[in-house]
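A.B. asks:
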Amino acid sequence: MSIDKTTYMISDKGSLGRNAMIVGALFLVISAAGWFMDSPQFFSSYLVAYIFWLTFALGGLFFTLVNHLFGSQWNIVMRRFTEATMYSFPLLAVLFIPILFGMHDLYHWTHEDVVANDAILTAKAGYLNVTFFTIRAAVYFTIWFFISRTLYNLSLKQDKNPDDKIILRMKQISAPGMILYALTSTFAAFDWLMSLEPHWFSTIYGLYVFAGSFLAVLCFVILFGLNLRKKGYLTDIFTVEHYHDLAKLVFSFIVFWGYMSFSQYFLIWYANIPEETIWYLVRWENGWYVISLIIIFGHFVFPFLGLLLRAAKRSFAWLKFLAIWILVMHYIDMFWLIKPALSHGNGPHFNWMDFTTLIGIGGLFIWNFWNNFTSNPILPIGERRLEASSKFKV
Amino acid sequence: MSSKNIETDASLDYQVPLIRGNPTFASITESVSKVTEAKTTKEWFVLFGFFSSLTMIMIGSIGYLIWEGTGIWGLNNPVGWGWAIVNFVFWVGIGHAGTLISAVLFLFHQKWRTSINRFAEAMTIFAVICALVFPGIHVGRIWAVYYFFPIPNQMDMWPNFRSPLLWDFFAVGTYFTVSFMFWYTGLIPDLATLRDRATNKIRKLILGVAALGWRGGNKQWKHYELAYLLLAGLSTPLVLSVHSVVSTDFATSVIPGWHTTIFPPYFVAGAIFSGFAMVMTLAIIARKIYNLEHIITITHLENMNKVILLTGMMVGYSYSMEFFIAWYSGNPYESFAFVNRAFGQYAWAYWIMVSCNVIVPQIFWFRKLRRSIPVMFVASIFVNIGMWFERFVIIVTTLAKDFLPSAWDYFSPTIWDVSLMIGVFGLFFTLFLLFIKHLPMVAMAELKGVLPQADPHFGHDGHEGESK
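Chains A and B, in that order, are what the protein sequence lines are.
Remember, my numbering sits 1249 above the position in the first sequence when you count from 1.
Remember, my numbering sits 1047 above the position in the second sequence when you count from 1.
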């Protein structure tokens, strides 16, 4: 792998993309065997893995949108990272198809006999039904794809034609894009995750999932940036100052995530209404309390303390460790959101299909990311503010 | 130095100077200090007379309330919390913009804040004072108000530590203390400037005491900046915590329409929203009267309008989530609470709220309207009205139709509800007028720090335009 210093194109893509695709495809084939062996297990594993990788794309979309919207400069050096991450919705839409096949195993509101004997589910049937669910999913993917493609194309156009009008255009698209993003990501969280337990509801749920997805992409950018850095790329452009600022964002979103999860837990605990507390009860009984406690300490307390000091935010080794740590916690968090709903009173256990689907979808996701990333200059070279961005100081 | 400069939209000339007219250090000192030194104008006295009369109405209303009891308000059986709590939440919310501007924007290196932060912080403190009027008096038996405080007493009686009302006491108390310290710390160098300019002995003495012996030495600045940073760090969680705790007054209950998990962030967004609107209302008037248009520029106001648009949309998001989930819950009581809000006896209040908070800010999509003083002035007042009604809708409509239809009733305010609300507005503006007259309303020392000539590289590389 090498880089052209004037065009900032990676001329030799190396084997990462190909390897990721092969591994991904292989693991998905292995997982598919599980589909025939134990389909409920397969679909629950698949959903966890799918949502985990989806959050990177959604987080990347948010990161790109918010920075266009605020006209910030510091992130320009890493804009191609988040653009390549968000431009994965076609792939993710294809990978969503198995979930449509698995709806009967995943969402018990799809069982007509259950709905018919349940007044609450009957009342919701106008929203929770297979047709509308599928249409909504199609709408979400269309919107995400459309916004991300428009922004990515504009950014690439800027490479050849550095015109200020493009900056303005990206901003103009990002404003309504942000509104669409807020609504679609919220309802996607309601549809794909919250409706696993269709009697339960929480108004903050969309924000909770959003907080995790933004953290995911921040950690992804940190890890990928450090990886390039190790190979000697962008060392004087994507500097410690940028990592410091990223770490600040990670810190604040660790707090934001903690704030969201605490608000939800605390209000439900305090009011103590059975129809709401049941959600936490199934995440406490039968050994699930271990996972719940891991999330409290691992997803909040430890990274909070670990990022308090300035030196910690500027240490590459420490940031790398923490980014991996937070991603592991993020996976556990998604596991904890989904699995207890489907485990029917069983305790937490990690099945081989959880592993194979995670690697399978992840492999294809990385392949797609790497393809996007290496097909274009790895910096937005036509961006007028690029130099200011590379000289950014915290 | 940070490169996160602000930018204006259409021109994309993002390196616009923060301050217009290329002022010098001396001219900033002059234009800010002279407001406090010049002879008090007749207009000021007229305004002061007016607002302090309103404050007298407040005092009178409180006196009668203590004499007669809370029966003088429009409270009835299901609606036991009326305007007093509406006003309390409203005023606590107003304060949030000050903290956000002073602490959060400081940590985000948003330099445009320097023109408005002093102003906004003062507003925070006065708003919290106004808010604190209500919990004290709404208890009815004012002589027992010390039951509120967790202090040892001869009856060995303690407040319920599991009650959100007690958390309110801690949250708002902390908020006031930290905001005050933050504001005062920032004032010290400016008070010293005023002291050095004072021509009369008593003024010099008072300002000298208030400036705590500030000499502007290197060491002093070093300590000052560290203290300021730490206080900013302490204030930041308060932006979230205070209104989150206020929201738990409602959300920890089991009342449909009050108990919903989005309440904490929803209240915080609403608080910032209303606070920015109030800063806007005040800043537009003050910059005009005291000729500070070159310091609080149209770009500052435009940025604030963007924040209003953004937070207005967050509030709109919360309204829609509440509504959707109320339906989605399949719980008839939840659905009823929201349908009743929108189409029941208080529908007028609900639609005032939606129009003012969600529809009106949409005009700020247009750059022209974002930069039009009359438009933003009117819009900011609408937002304040809307946010007052938001609290009214949440509190009163929810209580008026509770679980027991035979108990339903309609809340109408009495003259004493109205007089108290108007009176507290009087208190707020009275305090604000005193502040404008006697203290530097713009943070001079900080503002000088963002001028081009404060950059150590200024003039060194031959082209001065660079360091703008």
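The C-beta atom is built at its ideal place from N, Cα and C for all residues, glycine as well.
(1) Using only the alpha-carbon positions, how far apart do residue 1282 of chain B and residue 1464 of chain B sit?
(2) What are the residues of the region 1345 to 1378 of chain B that lie near chain A, defined by any Cβ-Cβ distance shorter than 7 Å?
(3) Any idea which residues DSSP pairs residue 1252 of chain A with across the strands?
(4) Do residue 1490 of chain B and residue 1164 of chain B come within 8 Å of each other at the CB atom, strictly closer than that value?
(5) Which of helix, strand or coil does DSSP assign to residue 1126 of chain B?
(6) Can you tell me where the alpha helix (DSSP H) with residue 1609 of chain A in it begins and where it stops?
(7) In whole angstroms, what is the alpha-carbon distance linking residue 1088 of chain B and residue 1332 of chain B?
(8) Taking only the alpha-carbon atoms, compute the straight-line gap between residue 1410 of chain B and residue 1594 of chain A and give it to the nearest angstrom.
(9) In three-state DSSP terms, what is residue 1466 of chain A?
(10) Strictly below 8 Å CB to CB, what residues from chain B border residue 1513 of chain A?
(11) Taking Cβ-Cβ distances shorter than 8 Å, what residues in chain B pair up with residue 1404 of chain A?
(12) With burial defined as no fewer than 16 other Cβ atoms inside 10 Å of the residue's Cβ, what is the status of residue 1443 of chain A: buried or exposed?
(13) In chain order, what are the residue ranges of uninterrupted alpha helix (DSSP H) at least 4 long that sit wholly in the region 1481 to 1508 of chain B?
(14) Going along chain A, which residues have a C-beta under 7 Å from residue 1298 of chain B?
(15) Where do the ends of the alpha helix (DSSP H) carrying residue 1179 of chain B lie?
(16) So what's residue 1364 of chain A in DSSP terms, helix, strand or just coil?
(17) Output, in chain order, the set of chain B residues within a Cβ distance shorter than 7 Å of residue 1376 of chain A.
(18) Could you give the distance in angstroms between the alpha-carbon of residue 1422 of chain B and the alpha-carbon of residue 1322 of chain B?
(19) Which chain A residues are close to residue 1465 of chain B, counting only those with a beta carbon under 9 Å from its beta carbon?
(20) Output the boundary residues of the alpha helix (DSSP H) element that contains residue 1512 of chain A.
(21) The alpha helix (DSSP H) with residue 1071 of chain B in it runs from where to where?
(22) Under 7 Å Cβ-Cβ, which residues of chain A neighbour residue 1499 of chain B?
(23) Tell me, please, whether the region 1610 to 1630 of chain A touches the region 1322 to 1336 of chain A by the rule of three or more beta-carbon pairs shorter than 8 Å.
(24) Just to confirm my understanding: we take residue 1049 of chain B, look at its own chain, exclude 5 residues before and 5 after, and list those with CB closer than 7 Å. What are they?
(25) Residue 1370 of chain A to residue 1352 of chain B, Cα distance in whole Å?
(26) Could you confirm whether any beta carbon from chain A is found closer than 8 Å to the beta carbon of residue 1206 of chain B?
(27) Determine the direct distance from the alpha carbon of residue 1195 of chain B to that of residue 1059 of chain B, and round the result to whole angstroms.
(28) Output needed for residue 1153 of chain B: all residues of its chain with C-beta closer than 6 Å, excluding positions within five of it in sequence on either side, in chain order.
(29) For the alpha helix (DSSP H) containing residue 1243 of chain B, name the first residue and the last one.
(30) State buried or exposed for residue 1301 of chain B, treating a residue as buried only when at least 16 other CB atoms are found within 10 Å of its CB.
(31) Within 8 Å, do at least three Cβ pairs link the region 1277 to 1293 of chain A to the region 1315 to 1327 of chain A?
(32) With distances taken Cα to Cα, identify the nearest neighbour of residue 1452 of chain B among B/1079, B/1125 and B/1109.
(33) What are the residues in the region 1435 to 1465 of chain A lying within 8 Å of chain B by C-beta distance?
(34) Restricting to Cα atoms, I'd like to know which of B/1090, B/1215 and B/1501 is closest to residue 1197 of chain B.
(35) Indicate whether residue 1443 of chain B and residue 1161 of chain B have their beta-carbon atoms separated by less than 8 Å.
(36) With distances taken between CB atoms, is the gap from residue 1643 of chain A to residue 1493 of chain A smaller than 8 Å?
C.D. replies: Let's see:
(1) Counting from one through the second sequence, the residue named residue 1282 of chain B turns up at place 235. Counting from one through the second sequence, the residue named residue 1464 of chain B turns up at place 417. Near 33 Å, if we compare the C-alpha coordinates of residue 1464 of chain B and residue 1282 of chain B.
(2) 1360, 1364, 1368, 1369, 1372, 1375, 1376 and 1377
(3) Taking the first residue of the first sequence as position 1, residue 1252 of chain A is located at position 3. Its beta-bridge partners are A/1259.
(4) For the purposes of this step, residue 1164 of chain B is taken as the residue at position 117 of the second sequence. For the purposes of this step, residue 1490 of chain B is taken as the residue at position 443 of the second sequence. Yes, the pair counts as a contact, with Cβ atoms nearer than the cut-off.
(5) Counting from 1 along the second sequence, the entry for residue 1126 of chain B is found at position 79. Correct three-state label for residue 1126 of chain B: coil.
(6) What you label residue 1609 of chain A is simply residue 360 of the first sequence in a count that begins at 1. First-last of the alpha helix (DSSP H) with residue 1609 of chain A: 1601 to 1623.
(7) The residue given as residue 1088 of chain B occupies position 41 in the second sequence. The residue given as residue 1332 of chain B occupies position 285 in the second sequence. Roughly 15 Å separates the two Cα atoms.
(8) Locating residue 1410 of chain B in the second sequence gives position 363, counting from the first residue. Locating residue 1594 of chain A in the first sequence gives position 345, counting from the first residue. Whole-angstrom Cα-Cα distance: 52 Å.
(9) Locating residue 1466 of chain A in the first sequence gives position 217, counting from the first residue. Here residue 1466 of chain A sits in helix by DSSP.
(10) In the first sequence, residue 1513 of chain A corresponds to position 264, counting from 1. The answer, in chain order, is 1308.
(11) Numbered from 1 along the first sequence, position 155 holds the residue referred to as residue 1404 of chain A. Within 8 Å Cβ-Cβ: nothing; residue 1404 of chain A doesn't reach chain B, min ~16 Å.
(12) As a first step, residue 1443 of chain A is located in the first sequence; it is residue number 194 there, counting from the start. Counting Cβ neighbours within 10 Å, residue 1443 of chain A comes out buried, since at least 16 surround it.
(13) 1491 to 1496
(14) In the second sequence, residue 1298 of chain B corresponds to position 251, counting from 1. Residues of chain A passing the Cβ test: 1516.
(15) Reading the second sequence from its first residue, position 132 is the one you call residue 1179 of chain B. Start and end: 1164 to 1184.
(16) Counting from 1 along the first sequence, the entry for residue 1364 of chain A is found at position 115. Reduced to three states, the DSSP call for residue 1364 of chain A is helix.
(17) Indexing the first sequence from 1 puts residue 1376 of chain A at position 127. Result: 1375.
(18) Start at 1 with the first residue of the second sequence, and residue 1422 of chain B comes out as number 375. Start at 1 with the first residue of the second sequence, and residue 1322 of chain B comes out as number 275. One C-alpha to the other measures close to 18 Å.
(19) In the second sequence, residue 1465 of chain B corresponds to position 418, counting from 1. Within chain A, no residue comes near residue 1465 of chain B; the closest Cβ sits about 33 Å away, beyond 9 Å.
(20) Position 263 of the first sequence, counting from 1, holds the residue named residue 1512 of chain A. 1489 to 1520 is the span of the alpha helix (DSSP H), which, as asked, contains residue 1512 of chain A.
(21) Counting from one through the second sequence, the residue named residue 1071 of chain B turns up at place 24. Here residue 1071 of chain B belongs to no alpha helix (DSSP H), and DSSP marks it neither H nor E.
(22) Walking along the second sequence from the start, residue 1499 of chain B turns up at place 452. By Cβ distance, chain A contributes nothing, its closest Cβ being about 16 Å from residue 1499 of chain B, past 7 Å.
(23) yes
(24) Position 2 of the second sequence holds residue 1049 of chain B. At residue 1049 of chain B the pLDDT is 35, less than 50, meaning the model places this residue with poor confidence; the figure from the coordinates comes in the next sentence. Here the set comprises 1156.
(25) One-based indexing of the first sequence puts residue 1370 of chain A at position 121. One-based indexing of the second sequence puts residue 1352 of chain B at position 305. Looking at the two C-alpha atoms, the distance is approximately 43 Å.
(26) Residue numbering aside, residue 1206 of chain B sits at position 159 when the second sequence is read from its first letter. Chain A, which has no Cβ nearer than 8 Å to the Cβ of residue 1206 of chain B, makes this no.
(27) Translated into the one-based positions of the second sequence, residue 1059 of chain B becomes position 12. Translated into the one-based positions of the second sequence, residue 1195 of chain B becomes position 148. Per-residue confidence for residue 1059 of chain B stands at a pLDDT of 43, beneath the threshold of 50, marking its modelled position as unreliable; the derived number appears in the next sentence. Taking the straight line joining both Cα atoms gives about 54 Å.
(28) As a working note, residue 1153 of chain B is residue 106 in the second sequence. If we look at residue 1153 of chain B and ignore the five residues flanking it on each side, its Cβ neighbours are 1279.
(29) Locating residue 1243 of chain B in the second sequence gives position 196, where the first residue counts as 1. That run of the alpha helix (DSSP H) goes 1211 to 1244.
(30) The residue you call residue 1301 of chain B lines up with position 254 of the second sequence. Its Cβ having fewer than 16 others within 10 Å, residue 1301 of chain B is exposed.
(31) no
(32) Start at 1 with the first residue of the second sequence, and residue 1452 of chain B comes out as number 405. Ranking B/1079, B/1125 and B/1109 by Cα distance to residue 1452 of chain B puts B/1125 first.
(33) 1435, 1439, 1448, 1450, 1451, 1452, 1453, 1454, 1455 and 1456
(34) Position 150 of the second sequence, counted from the start, is the residue given in the question as residue 1197 of chain B. Looking at the Cα atoms, B/1215 is the closest of the given residues.
(35) Looking up residue 1443 of chain B in the second sequence gives position 396. Looking up residue 1161 of chain B in the second sequence gives position 114. Cβ distance not < 8 Å, so residue 1443 of chain B and residue 1161 of chain B don't count as in contact.
(36) Start at 1 with the first residue of the first sequence, and residue 1643 of chain A comes out as number 394. Start at 1 with the first residue of the first sequence, and residue 1493 of chain A comes out as number 244. For residue 1643 of chain A and residue 1493 of chain A, yes; Cβs fall inside 8 Å.
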